[in-house]
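With the first letter of the sequence shown counted as 1, position 199 gets the number 199 in the numbering used here; the numbers rise by one all the way through.
From the three backbone atoms N, C-alpha and C, an ideal C-beta is built for every residue, glycine too.
These numbers come from a predicted model, not from an experiment.
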Amino acid sequence: MSAWPAEHGRPGRARQRREVRQYVGKRAFDVVIAAVLLVVLSPVMLLAYVAVRATSRGSGVFRQVRVGALQQPFVVLKFRTMAKDCSHEAHQAFVRQMMAGGDPRSRDGLFKLDNDPRVTRVGRLLRRTSIDELPQLVNVLRGDMSLVGPRPALPWEVELFPVSASSRFLVRPGLTGLWQISGRNRLTMVDGLRLDVEYVAKCALRTDLLILLFTPLTLLRGGAR
């Protein structure tokens, strides 16, 4: 006979069932919406691919290892927005300084992401409209990502994250999220991590729907980049 009263076990089982329903519902929602968006946006994606190939050397689609749920690596897909074989050292220095508590954006002479010299002219347009991220709909169908979730981080970025941000890896990274609709070009990495953790704490289909609703509005205002 169990030492615990029966009623003590019920809330735990009920919570588990609720979490399973939420997981299945979110995954089904992701697959259906991602499939529809891929069909509807395929002409835009084709034009973007052709524009990238026609205006700069290299492949049209960029592949990069990111860290997903439970800190498992996966290959993210994006339209290439940077010149081929460009250096990433300046960007890494920018992020490391920001994570260390500094604000490199406020100092003259340091690398500024807003004027990233690695980005091509077509790439700048794709980034401003977030069209460069549309191939990630394939990542959503594969199960690597969700439509809504924390930003998919680079492996070297994860090494800089504080322990307080570990909960962001309990869910799949997202194509959009709280960070994106809050104006990611105006936020520090620390601010973004805080929003990722906040999203995980409030994760629900209703929250995802609200974020998806605000994402195009944010893009129209030019606040996502």
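CB of residue i within 9 Å of CB of residue j, strictly
i    : j    : result
L147 : A34  : yes
K84  : R57  : yes
V67  : A201 : no
L193 : R168 : yes
D30  : V138 : no
R45  : L178 : At residue 45 the sequence reads Met, which differs from the Arg that was named. Their beta carbons are not under 9 Å apart, which means M45 does not touch L178 by this criterion.
Cα-Cα separation between residue i and residue j, rounded to whole angstroms
i    : j    : result
V65  : E157 : 12 Å
L219 : T176 : 11 Å
G183 : A28  : 28 Å
L41  : G149 : 21 Å
Q136 : M145 : 8 Å
S59  : R80  : 7 Å
V76  : P173 : 10 Å
V20  : L170 : 14 Å
R15  : E198 : 20 Å
L212 : Q180 : 10 Å
Three-state secondary structure assigned by DSSP to residue i
i    : result
D108 : Low per-residue confidence applies at D108: pLDDT is 38, beneath 50, and the placement is therefore not dependable, though the value from the model is reported in the following sentence. Three-state result, D108: coil.
A153 : strand
F214 : helix
R66  : strand
V119 : strand
Boundaries (first-last residue) of the beta strand (DSSP E) holding residue i
i    : result
G60  : From DSSP, G60 is part of no beta strand (DSSP E); its letter is neither H nor E.
V163 : First-last for V163: undefined, no H or E at that position.
P233 : This structure cannot speak to residue 233, because the chain is shown only from 1 to 225.
G296 : Since the first residue shown for the chain is 1 and the last is 225, residue 296 is missing from the structure and cannot be characterised.
Continuous alpha helix (DSSP H) stretch holding residue i: start and end
i    : result
L77  : Note, L77: premise wrong, no alpha helix (DSSP H); beta strand (DSSP E) at 73–79.
V140 : 136–142
L147 : L147 -> not in any alpha helix (DSSP H); beta strand (DSSP E) instead, spanning 146–148.
E133 : Element bounds for E133: n/a, residue is neither H nor E.
M189 : 189–201
Touch check for the region 179–196 and the region 157–171: three-plus C-beta pairs under 8 Å?
Output reads yes: the region 157–171 touches the region 179–196.
Hey, is the region 125–132 in contact with the region 41–55, meaning 3+ C-beta pairs nearer than 8 Å?
Touching, yes.
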